[in-house]
Structures are given as structure tokens and as C-alpha cells.
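Enquirer: Residue numbers (the working numbering): 5 to 364.
(1) Look at the alpha carbon of residue 187 and the alpha carbon of residue 362, and state the distance between them as a whole number of angstroms.
(2) Alpha carbons only, please: which of 314, 296, 312 is nearest the one belonging to residue 334?
(3) Applying the 10 Å Cβ sphere with the 16-neighbour rule, what's the burial state of residue 208?
(4) Look up residue 291 in the DSSP assignment and give the residues it is bridged to.
(5) Can you tell which of 227, 254, 169, 319 has its C-alpha closest to the C-alpha of residue 286?
(6) Where residue 99 and residue 316 are concerned, what is the direct C-alpha to C-alpha distance, given to the nearest angstrom?
(7) Whole angstroms are fine: how far does the CA of residue 167 sit from the CA of residue 94?
(8) For residue 204, which three-state DSSP category applies?
(9) What are the complete alpha helix (DSSP H) segments, minimum 4 residues, inside the segment 81-163?
(10) Going by beta-carbon coordinates alone, are residue 258 and residue 158 separated by less than 8 Å?
(11) By a C-beta neighbour count over all protein chains shown, 10 Å radius and 16 as the cutoff for buried, is residue 177 buried or exposed?
(12) Does the distance from the CB of residue 170 to the CB of residue 227 come in under 8 Å?
(13) Tell me, please, whether the segment 255-275 touches the segment 54-73 by the rule of three or more beta-carbon pairs shorter than 8 Å.
(14) Does the distance from the C-beta atom of residue 336 to that of residue 294 stay below 8 Å?
(15) Rounded to whole angstroms, what's the CA-CA distance from residue 17 to residue 60? Just pull it up for me.
See the structure below:
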């Protein structure tokens, strides 16, 4: 879920809406208790950081925004941790920029960190790294960042909690005849034409950025909702059928991800596997180093590689968890030997089944 600045921060005082945040965290705890994995992308660091630095009530220069973000980020994460502490839930702070989701190495590192936090049943709380990323402050927004994170972790659903309850045919604040659009299955020029701009003083997004986020989500097979965040317990309101706009993709996250791997990623190398590995892959298992017979080509961790049988038939295609040189060292060995051979503890799988397409 993504939380907008206007929901968290009192524009006049620069203080947190603590009661609202506690109610939201009650919703998060309920989802967590029933086994759902929750990631929070939060705005508000600049808004909260302005006051302690004496910068309320005026437009900030870029370097002042960065200073406010540095001050506010501590307070913001601390507020989430205090609220979730009531439910004995641990928070992990992750600072990401849009560039981190586009650079292959940083993308993999961020994804692995988030996956590990979720496996350990922590709640990642993510914000843009505003104090160092100038482009994100000038042109960025947490709507698109949230969509990129959803894409990164193959999320099922992204909820954008906003100060508006969905997409309207026109700006409802200006046009009394505007009608809520309850469901969108395709982003058409007509849908894009319905987008407006923000009117709040503390946020940097608007309906335009939410439509851009919806495009990213739908392409990744992730459904997205624009929902009203102002009510107390906004996620409970949404679960109970509250007003919102749902953007519904044509495929599930993993299906979309594997279609992307199969059709849109150029292969950098080839690995030859033994008959036992072929049988394991076809039964839906990951590829382990013990099943590798040969390696051809030079590739880095995260590159796409072909998997072939000893007689040259293509078994599949996937994203490698190791660079070619490291893979040559561990091929034929058991996963528990990887750390002793390489000197660091990498993944047990050479290609995880979630990153592998068989028989494409």
C-alpha cells in the first residue's frame, strides 16, 4: 500500500495524524495476522521534517527539501515502528529511488532485501531516498515508486490510499457531473484524459501519476486500487466494499513476469544440465548447482540465460542468481558447499523457479 502525504501530515502544523496512523497500522496488523505479506510505501518525510528546521509556510528550494527529508525520515519511520510495536510487528526501513528499480544490480539487491524482510515477517516501510536523489524530488512521486516496488516483488495488489476515492470522469472538485469509474481493464487515451492534478500543499503526485502507476501494475499482472485514505481504518473500509477504482490486469503477477522473461529479455549465456536437473525443472523445481554440467558465455548475476540438455535441446530460460565465473566454480556441487567455495553465502538455487520459464 502507498500512503500519501496529505493523509499523514497536518499541512498547517507539519505534525503527524497519529490517531489515523494507528488505525491504519491496526489494519496492517490484521492483514499480517492472516498470513498476508504487507509492504508500505510512505510519503511524508519532507512534510514532517519542515517544522523542526523552521521551514513551514513557504516554498522550499531543492536543497531545503533534501534537508527536510533527512530530518523527517527518522521521525516517519519511528512513528510506524511505534504504532506497529503495539502488535509486536517489526518494521524494516528501505530507501529506494526510481533509478534503483531500473538499474539491474540495485534492482536485484532491493528485491532480495524485501523478499528477506517479508520471509522474516517484518513490514518493509519504503520511501524515496529524497535526501540524495534530486531528480526524484523534482519530478518523482511515490505512486510510481510503489508501482515499481509492486512489480519488483510480484505483488498481487497495490492500494494507493489518497485524498480522493478513485478515478472520476472529470475532476469532481470542479465538475459536479463527474462520475466515479469503478473498474478499469485497459488504460485508453480516454482514461488518461480523465486524470487531473494535485491541489494539496504537501503532496507531489496527482491523478496523472496514479494512472502511470496503474500502467506499470497492469503490465506486471498486479491489480491496483485508488481508494480513499481519509476514513479511519481505510483498508478495512476497502475490504468491506468501499468506494474506489480497481485497475484489473489480464494476467496474474507470476504469469506476467514469466512472459516478460520468455519474450523480452535477451539471453547472455547458456548452461547445460544433466538429465536429473531436466526432470526436476519440468516438475516445477528450481535449478540447483549440482545439476549443472557445462557453462557457456559470460554473464552477470540477474542476466537471462538459456538452459539446455546435453544434446542441445532448450529446456527453458531464466534469470541467473550468479555470475558466470562464480557458477563455473560451484557447478556440480551441492548448495551447502556454495559458501565454502565462493567465500560468501549466496542463494541455494542457481535459477529460482520464480525466475525460470520452462518449455517457452
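By construction, the Cβ of each residue, glycine as well, lies at the ideal position given by its N, Cα and C atoms.
Expert: In brief:
(1) 34 Å
(2) 296
(3) Confidence in residue 208 is poor, its pLDDT being 45 and thus under 50, which makes the residue's placement too unreliable to answer from.
(4) 355
(5) 319
(6) 44 Å
(7) 28 Å
(8) Its pLDDT being 42, under 50, residue 204 is placed unreliably by the model, and the measurement read from it follows with that caveat. Looking at residue 204 - three-state DSSP - the assignment turns out to be coil, as it is neither helix nor strand.
(9) 108-123, 138-143, 146-156
(10) yes
(11) exposed
(12) no
(13) no
(14) yes
(15) 8 Å
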